[in-house]
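Worksheet for the structure shown next.
Chains as they are written, first to last, in the numbering used here: chain A, 12 to 124; chain B, 68 to 181.
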C-alpha cells in the first residue's frame, strides 16, 4: 500500500506562473514532510520541509502547505523558472523512532519559457 | 566537502553474479539508508541503519543484504543478481541533532543486470 501518493505524473507551467505540486498521505504517524528535486543522473536534493505541527513553511520562491485534516501537502513555486524543470518527490518521515522515510512516485515539472 | 559518496557509479552484471555497492558519508551522521529508484515507482526503501551496529528492513529488502561497517560506511550487497534488480540505487544519510527532517543523498549507482 502506497502511504505517500503523488497522483500527477507530470505538470507543465509557463515561466513566471505558479507551479503547484500535490501529495497525499494515508498514515498519521509522520512527523516531517519533505520535498526533493531531482535532475537526471543526479541524486535527489532537498528543497523544503515542514513539521507536522505546522501548516506552512516558506523559503524564497518555495512554500509548502500542510493540511492535516485532508492528509494533503502541496508545494508552491512562485514564480516558476525554466531551471525548476525536474522531477519532484514528496516524502514523509515516520515517527516510530527509526526515522524511516517514505517517498511518493514523483511529479515531472516542465517550466516552459 | 564530499557529503555522501557512492561507488561504483555504473555497473553491469550477469544474472547470478554478486556485487557490493559502497556508500560512505563524511558528515558524522548516525542514520544511513539505501533506496532504489525505478520508473513510475519513485524511491523505495531497501534497508536502513538508525545507528552504527543496527540495520532494519525497508519496503523492498528481498535479494539484498547490508552491512553497517562503521559510522561512515553502509554497504549494500546483491548475492545473486536478478534482472528485476536493474535500477538506480541511492544511499542517503540523516543529520544527527539539528532536525529539519532532511536526508542527504549520494549521486546514485546505476546497475544493469542482464
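We treat Cβ as the ideally placed atom computed from N, Cα and C, and that holds for glycine.
Proximal residues to residue i (C-beta, below 6 Å), its chain only, five neighbours per side dropped
i             : result
residue 87/B  : 142, 144
residue 32/A  : 86, 99, 118
residue 70/A  : 59
residue 182/B : No answer is possible for residue 182/B: the residues shown for chain B start at 68 and end at 181.
residue 25/A  : 123
residue 170/B : 159, 161
Amino acids of chain C, ordered along the chain, whose beta-carbon sits closer than 7 Å to that of residue i
i             : result
residue 109/B : Looking for chain C here will not work: the only protein chains present are A and B.
Of the residues the options, the one placed nearest residue i, counting alpha carbons only
i             : options                    : result
residue 105/A : 164/B, 112/B, 90/B         : 112/B
residue 17/A  : 71/B, 72/B, 108/B          : 108/B
residue 90/A  : 15/A, 123/A, 42/A, 19/A    : 123/A
residue 65/B  : 114/B, 154/B, 119/B, 118/B : Outside the modelled stretch of chain B, which goes from 68 to 181, sits residue 65/B, for which no answer is possible.
residue 91/B  : 158/B, 84/B, 146/B, 122/B  : 158/B
residue 74/B  : 161/B, 140/B, 120/B        : 140/B
residue 62/A  : 55/A, 47/A, 43/A           : 43/A
residue 93/A  : 101/A, 14/A, 57/A, 50/A    : 50/A
residue 84/B  : 100/B, 104/B, 135/B, 147/B : 147/B
residue 97/B  : 169/B, 69/B, 163/B         : 163/B
residue 137/B : 127/B, 118/B, 114/B, 126/B : 118/B
Opposing strand residues paired with residue i [DSSP bridges]
i             : result
residue 109/B : 105/B
residue 67/A  : 76/A
residue 36/A  : 15/A
residue 140/B : 91/B
residue 104/A : 43/A, 112/A
residue 123/B : 115/B
residue 249/B : Because residue 249/B is not part of the residues shown, which for chain B are 68 to 181, the question remains open.
Any chain B beta carbon closer than 8 Å to residue i
i            : result
residue 94/A : no
residue 43/A : yes
residue 55/A : yes
residue 50/A : no
residue 36/A : no
residue 65/A : no
Close Cβ partners of residue i (< 7 Å) along its chain, the five nearest in sequence each way excluded
i             : result
residue 167/B : none
residue 149/B : 82, 130, 180
residue 15/A  : 34, 36, 101, 102, 103, 113, 114, 115
residue 120/B : 135
Close beta carbons around residue i, own chain, < 8 Å, minus the five adjacent residues each side
i             : result
residue 76/B  : 174, 175, 176, 177
residue 67/A  : 61, 74, 75, 76, 77
residue 127/B : 103, 111, 112, 113
Neighbour flag for residue i against chain A, beta carbons, 8 Å
i             : result
residue 161/B : yes
residue 169/B : yes
residue 130/B : no
residue 142/B : no
residue 175/B : yes
residue 98/B  : yes
Near the ligand FAD: residue i beta-carbon under 7 Å from a heavy atom
i            : result
residue 24/A : Looking for the ligand FAD in the displayed structure turns up nothing, as the structure carries no ligands at all.
(request) Please determine if the stretch 66 to 81 of chain A and the stretch 109 to 116 of chain A are in contact, where contact requires at least 3 C-beta pairs separated by less than 8 Å. (result) no
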